[in-house]
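Colleague: Chains S and H, in that order, give the protein sequences.
For the record, in the first sequence the residue sitting at position 257 is 257 according to UniProt numbering, with numbers rising by one throughout.
For the record, in the second sequence the residue sitting at position 74 is 74 according to UniProt numbering, with numbers rising by one throughout.
The following block contains the structure, expressed as structure tokens.
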Amino acid sequence: MRLKSPLLAIAMTASTVSVPAWAIELDFNGFISVGGGISSNDELNLDIDYNEDVSFDEDSILGIQTTAAINDKMSLTAQLVARGKDDYDLEAEWAFVSYEINDEAYGRAGRLRVPFFAYSESIDVGYSYHWIRPPSEVYRLPFSSIDGVDANYTTWLTDDWETSAQVYFGTYSDEVDVFGQESELDLKNGTGLVLTANYDWLTLRGSVHYATVTVTNDDIEALDSALRNPLLPGGPYDSVADDIAVDENDVMFYEAAVLADYNDYIFVAEWTMLDYDRSAIPDDTGWMISVGKRIGAFTPHLTFAKEEDDGETGFSDPVPAGITLPDGRDLKAVVDGLETEALQESWIAGVRWDVMPSAALKFEAQYTDRKEPEDDDTMIYSVVLDAVF
Amino acid sequence: MKLVIAVLFSFFTSLVMAGTSVIINPADAGSGLSKGDAKKIFLGKMKSLPSGAKAQPIDQAAGSAIRGSFLDTVVGKSESQYKSFWAKKVFTGKGKPPAEKASDAEVKAFVASTPGAVGYIDSGSLDGTVTEAFAY
Numbered sequence: 001m002r003l004k005s006p007l008l009a010i011a012m013t014a015s016t017v018s019v020p021a022w023a024i025e026l027d028f029n030g031f032i033s034v035g036g037g038i039s040s041n042d043e044l045n046l047d048i049d050y051n052e053d054v055s056f057d058e059d060s061i062l063g064i065q066t067t068a069a070i071n072d073k074m075s076l077t078a079q080l081v082a083r084g085k086d087d088y089d090l091e092a093e094w095a096f097v098s099y100e101i102n103d104e105a106y107g108r109a110g111r112l113r114v115p116f117f118a119y120s121e122s123i124d125v126g127y128s129y130h131w132i133r134p135p136s137e138v139y140r141l142p143f144s145s146i147d148g149v150d151a152n153y154t155t156w157l158t159d160d161w162e163t164s165a166q167v168y169f170g171t172y173s174d175e176v177d178v179f180g181q182e183s184e185l186d187l188k189n190g191t192g193l194v195l196t197a198n199y200d201w202l203t204l205r206g207s208v209h210y211a212t213v214t215v216t217n218d219d220i221e222a223l224d225s226a227l228r229n230p231l232l233p234g235g236p237y238d239s240v241a242d243d244i245a246v247d248e249n250d251v252m253f254y255e256a257a258v259l260a261d262y263n264d265y266i267f268v269a270e271w272t273m274l275d276y277d278r279s280a281i282p283d284d285t286g287w288m289i290s291v292g293k294r295i296g297a298f299t300p301h302l303t304f305a306k307e308e309d310d311g312e313t314g315f316s317d318p319v320p321a322g323i324t325l326p327d328g329r330d331l332k333a334v335v336d337g338l339e340t341e342a343l344q345e346s347w348i349a350g351v352r353w354d355v356m357p358s359a360a361l362k363f364e365a366q367y368t369d370r371k372e373p374e375d376d377d378t379m380i381y382s383v384v385l386d387a388v389f
Numbered sequence: 001m002k003l004v005i006a007v008l009f010s011f012f013t014s015l016v017m018a019g020t021s022v023i024i025n026p027a028d029a030g031s032g033l034s035k036g037d038a039k040k041i042f043l044g045k046m047k048s049l050p051s052g053a054k055a056q057p058i059d060q061a062a063g064s065a066i067r068g069s070f071l072d073t074v075v076g077k078s079e080s081q082y083k084s085f086w087a088k089k090v091f092t093g094k095g096k097p098p099a100e101k102a103s104d105a106e107v108k109a110f111v112a113s114t115p116g117a118v119g120y121i122d123s124g125s126l127d128g129t130v131t132e133a134f135a136y
């Protein structure tokens, strides 16, 4: 799993007296997932991008990580990840300097994974959990990293209970898929607190996250200026424009999870809620329950996951009907189309087979029933080999 | 004939006696090491020995019988659970798994020369260079 750097060996050989002070210890690690899948319904557009022809991009990932220990206290870590669904473009998911204050506390600065979910931080490393991928009804946020700092504190509350707290602060901006369109996401004041308590086989976790979020794309901007145009019949519709805009909105995200691994029984429950302060986007909740049992090298498992919004779109004034925008579209139809209503359930049945140490082969069948925004369902079958090295 | 009997006798004794010893450096012997401590140290949840020395756990080779029984008995995880546990730590920058040595002799040599080291060897390989913390 670990390779000692040849540099160190060279450095040590080069110095017959002692290891020179500049000899840095490097560790290299990697992970890989290769696999493919098929969906029974091309019409249903899910976060899991499989269709009626077998394809191999969705779950295929290669990651390389290197850690350089500068000294006892400080280290540098960089993780480059190439995903099939991003045409294997390399992306730095982690790139940080870590400073160990003492045995119980450390801080990091750089590009960090946002600890939104129980499996966020190792989500690319399929080998570290039982599914091929965590359910998309819960793991649904369109970005996963942040540029900033964090502080971590871990202590044994009693002889059996290990507790930890993590706080982070940072910013993020990227092109992401929002409203089904490539959009500019700009996240500021990203702040969060994660509390974890671990008792041997049981882990309890709760987290709360805050950010001011701005989302723009050409469509939103065109709609905004059309609505604010006094020449629009009955216009301007400033309050509708304000409600649609995601412009420095206060967004809160809450999460709670219970993870148990007792006598080869696995139990995972996670609940999340996304709370937009205002705007046309309804608040939504995603939760799941997963059970599994390890039987020798096999771990069959079953998961139910559900995402639903509260149906409140939060318009201060009703959106007027029968107004035609300058580009010819009906205003109400366009606004309705922007509402990201969500009501979706999935059942996932699968098996993880630990074929050898460091490699697991996984099979999954998933039934997804979507009610909103459109009423449709599909079966997805996927097979993935996960390995770490 | 006497020699054959002696060899057979020692073989059977070693079968009967065969146990595993968790060993520490003699410098750390005073404050000892419990089974619970060893579990925490091999999971990176305890960074120092009771003696105060920086913990340096040493595993045997993946797939070896002695490692399998140590993980099962002391750590309470299967090999793949242990690998998954460490994969999660490694790829989130939260630590690295114990170093590995290929034999009892290598483990013993490392522990003998390193205060803070914790290893496990066949009880039959014990000698005065290391201290047994506990056996199972």
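Where a beta carbon is used, it is the ideal one built from N, C-alpha and C, also for glycine.
Check distances from the C-beta atoms of the stretch 136–148 of chain S to those of chain H and list, in chain order, the residues that come in under 7 Å.
Modeller: none
Colleague: Give the DSSP-derived three-state secondary structure of residue 70 of chain S in the structure shown.
Modeller: Taking the first residue of the first sequence as position 1, residue 70 of chain S is located at position 70. Residue state, collapsed to three classes: coil.
Colleague: Taking any Cβ of chain H, which residues in the stretch 357–369 of chain S have a Cβ under 8 Å from it, in chain order?
Modeller: 357, 358, 360
Colleague: Could you compute how far the alpha carbon of residue 265 of chain S sits from the alpha carbon of residue 72 of chain H?
Modeller: Within the first sequence, residue 265 of chain S is the residue found at index 265, counting from 1. Within the second sequence, residue 72 of chain H is the residue found at index 72, counting from 1. Their backbone Cα atoms lie some 16 Å apart in a straight line.
Colleague: Does the distance from the CB of residue 286 of chain S to the CB of residue 138 of chain S come in under 8 Å?
Modeller: As a first step, residue 286 of chain S is located in the first sequence; it is residue number 286 there, counting from the start. As a first step, residue 138 of chain S is located in the first sequence; it is residue number 138 there, counting from the start. The answer is yes: Cβ separation under 8 Å.
Colleague: For residue 71 of chain S, return the contacting residues in chain H, with the cut-off set at a CB-CB distance below 9 Å.
Modeller: Locating residue 71 of chain S in the first sequence gives position 71, where the first residue counts as 1. Those within 9 Å of residue 71 of chain S in chain H number zero; the least Cβ separation is about 13 Å.
Colleague: Taking residue 194 of chain H as the reference, which of H:100, H:106, H:109, H:123 has the closest Cα?
Modeller: Here chain H has residues from 1 to 136 only, and residue 194 of chain H is not among them.
Colleague: Which residue marks the beginning of the beta strand (DSSP E) containing residue 322 of chain S, and which one marks its end?
Modeller: Position 322 of the first sequence, counted from the start, is the residue given in the question as residue 322 of chain S. From DSSP, residue 322 of chain S is part of no beta strand (DSSP E); its letter is neither H nor E.
Colleague: Can you list, in chain order, the residues of the stretch 88–105 of chain S whose Cβ is nearer than 8 Å to any Cβ on chain H?
Modeller: 94, 96, 98, 103
Colleague: Straight-line CA distance for residue 50 of chain S to residue 372 of chain S?
Modeller: Taking the first residue of the first sequence as position 1, residue 50 of chain S is located at position 50. Taking the first residue of the first sequence as position 1, residue 372 of chain S is located at position 372. Approximately 19 Å, taken between the alpha carbons.
Colleague: To which residues of the same chain is residue 14 of chain H closer than 6 Å at the C-beta, ignoring the five residues directly before and after it?
Modeller: On the second sequence, residue 14 of chain H is found 14 positions in, with the first residue counted as 1. With a pLDDT of 47 at residue 14 of chain H, under the threshold of 50, the predicted position of this residue should be treated as unreliable, though the coordinate-derived value follows. 124.
Colleague: What residues from the stretch 100–131 of chain H come within 9 Å of chain S, judged by C-beta to C-beta, listed N to C?
Modeller: 100
Colleague: What are the residues of the stretch 105–132 of chain S that lie near chain H, defined by any Cβ-Cβ distance shorter than 8 Å?
Modeller: 108, 113, 121, 122, 124, 125, 127, 128, 129
Colleague: DSSP on residue 12 of chain S, reduced to helix/strand/coil?
Modeller: In the first sequence, the residue the question calls residue 12 of chain S occupies position 12. At residue 12 of chain S, the pLDDT of 39 sits below 50, so the modelled position is not reliable; the number obtained from the coordinates is stated separately. In the three-state scheme derived from DSSP, where H, G and I count as helix and E and B as strand, residue 12 of chain S is classed as helix.
Colleague: Spatial neighbours of residue 294 of chain S within its chain, please: CB distance less than 6 Å, with the 5 preceding and 5 following residues excluded, ordered by chain position.
Modeller: The residue labelled residue 294 of chain S in the question sits at position 294 within the first sequence. Closer than 6 Å at Cβ, skipping near neighbours: 264.
Colleague: Could you check the C-alpha separation between residue 143 of chain S and residue 186 of chain S for me, to the nearest Å?
Modeller: On the first sequence, position 143 is the one that residue 143 of chain S refers to. On the first sequence, position 186 is the one that residue 186 of chain S refers to. The alpha-carbon atoms of residue 143 of chain S and residue 186 of chain S are separated by roughly 11 Å.
Colleague: Give the range of the beta strand (DSSP E) segment to which residue 352 of chain S is assigned.
Modeller: Here residue 352 of chain S is taken as the residue at index 352 of the first sequence, counted from 1. Boundaries of the beta strand (DSSP E) harbouring residue 352 of chain S: 343–356, taken from the DSSP string.
Colleague: Looking at chain H, is there any beta carbon in it that lies within less than 8 Å of the beta carbon of residue 249 of chain S?
Modeller: Position 249 of the first sequence, counted from the first residue, corresponds to residue 249 of chain S. Not one chain H Cβ lies under 8 Å of residue 249 of chain S.
Colleague: Measure the C-alpha to C-alpha separation of residue 56 of chain S and residue 170 of chain S and round it to an integer number of angstroms.
Modeller: In the first sequence, the residue the question calls residue 56 of chain S occupies position 56. In the first sequence, the residue the question calls residue 170 of chain S occupies position 170. Rounded to the nearest angstrom, the two C-alpha atoms are 34 Å apart.
Colleague: Taking the beta strand (DSSP E) that residue 75 of chain H belongs to, which residues open and close that run?
Modeller: In the second sequence, residue 75 of chain H corresponds to position 75, counting from 1. From DSSP, residue 75 of chain H is part of no beta strand (DSSP E); its letter is neither H nor E.
Colleague: Which of the three DSSP states is assigned to residue 57 of chain H in this structure?
Modeller: Walking along the second sequence from the start, residue 57 of chain H turns up at place 57. Strand at residue 57 of chain H.
Colleague: Does DSSP classify residue 88 of chain S as helix, strand or coil?
Modeller: Stepping through the first sequence from its first residue, residue 88 of chain S is reached at position 88. DSSP places residue 88 of chain S in coil when its eight states are reduced to three.
Colleague: Should residue 10 of chain S be flagged as near chain H, meaning a C-beta pair shorter than 8 Å?
Modeller: Counting from one through the first sequence, the residue named residue 10 of chain S turns up at place 10. Here residue 10 of chain S scores only 40 on pLDDT, less than 50, and its place in the model should not be relied on; the value that follows carries that caveat. For residue 10 of chain S, the closest Cβ of chain H is not nearer than 8 Å.
Colleague: If you count every other CB in all the chains shown that lies within 10 Å of the CB of residue 45 of chain H, and 16 or more means buried, which is it?
Modeller: In the second sequence, counting from the first residue as 1, residue 45 of chain H sits at position 45. Label assigned to residue 45 of chain H: exposed.
Colleague: Quick check on the burial criterion: 16 or more other C-beta atoms within 10 angstroms. Buried or exposed for residue 73 of chain S?
Modeller: Position 73 of the first sequence holds residue 73 of chain S. Exposed, because fewer than 16 other Cβ atoms sit within 10 Å of the Cβ of residue 73 of chain S.
Colleague: Confirm, please, whether the CB-CB distance from residue 133 of chain H to residue 56 of chain H is below 8 Å.
Modeller: Position 56 of the second sequence holds residue 56 of chain H. Position 133 of the second sequence holds residue 133 of chain H. Going by C-beta atoms, residue 56 of chain H is not nearer than 8 Å to residue 133 of chain H.
Colleague: Expressed to the nearest angstrom, what Euclidean distance is found between the alpha-carbon atoms of residue 236 of chain S and residue 168 of chain S?
Modeller: Locating residue 236 of chain S in the first sequence gives position 236, where the first residue counts as 1. Locating residue 168 of chain S in the first sequence gives position 168, where the first residue counts as 1. Using only the alpha carbons, I get a separation of about 41 Å.
Colleague: Would residue 252 of chain S and residue 199 of chain S be called neighbours here (beta carbons separated by less than 8 Å)?
Modeller: Translated into the one-based positions of the first sequence, residue 252 of chain S becomes position 252. Translated into the one-based positions of the first sequence, residue 199 of chain S becomes position 199. Contact: no.
Colleague: For residue 156 of chain S, which beta-bridge partners are listed by DSSP?
Modeller: Numbered from 1 along the first sequence, position 156 holds the residue referred to as residue 156 of chain S. The partner list for residue 156 of chain S (beta bridge, DSSP) reads S:162.
Colleague: Do you know how far the Cα of residue 246 of chain S is from the Cα of residue 276 of chain S?
Modeller: Against the first sequence, residue 276 of chain S aligns to sequence position 276. Against the first sequence, residue 246 of chain S aligns to sequence position 246. Taking the straight line joining both Cα atoms gives about 9 Å.
Colleague: Going by C-alpha to C-alpha distance, which of S:255, S:145, S:162, S:160 sits closest to residue 193 of chain S?
Modeller: The residue you call residue 193 of chain S lines up with position 193 of the first sequence. With distances taken between Cα atoms, residue 193 of chain S lies closest to S:255.
Colleague: Starting from residue 268 of chain S and walking both ways along the beta strand (DSSP E), at which residues does that stretch end?
Modeller: Mapped onto the first sequence, residue 268 of chain S falls at position 268. Note, residue 268 of chain S: beta strand (DSSP E), 265–276.
Colleague: So which of S:114, S:135, S:53 has the shortest CA-CA distance to residue 346 of chain S?
Modeller: The residue labelled residue 346 of chain S in the question sits at position 346 within the first sequence. Ranking the options by Cα distance to residue 346 of chain S, first place goes to S:135.
Colleague: Which chain S residues are close to residue 84 of chain H, counting only those with a beta carbon under 8 Å from its beta carbon?
Modeller: Numbered from its first residue, the second sequence carries residue 84 of chain H at position 84. Under the 8 Å cutoff, chain S gives 127, 128, 129.
Colleague: Would the stretch 104–123 of chain S and the stretch 146–162 of chain S be scored as touching if the rule is three or more Cβ pairs under 8 Å?
Modeller: yes
Colleague: Could you pull the DSSP bridge partners for residue 261 of chain S from this structure?
Modeller: As a first step, residue 261 of chain S must be located in the first sequence, where it is residue number 261. Answer by DSSP bridge pairing, in chain order: S:266.
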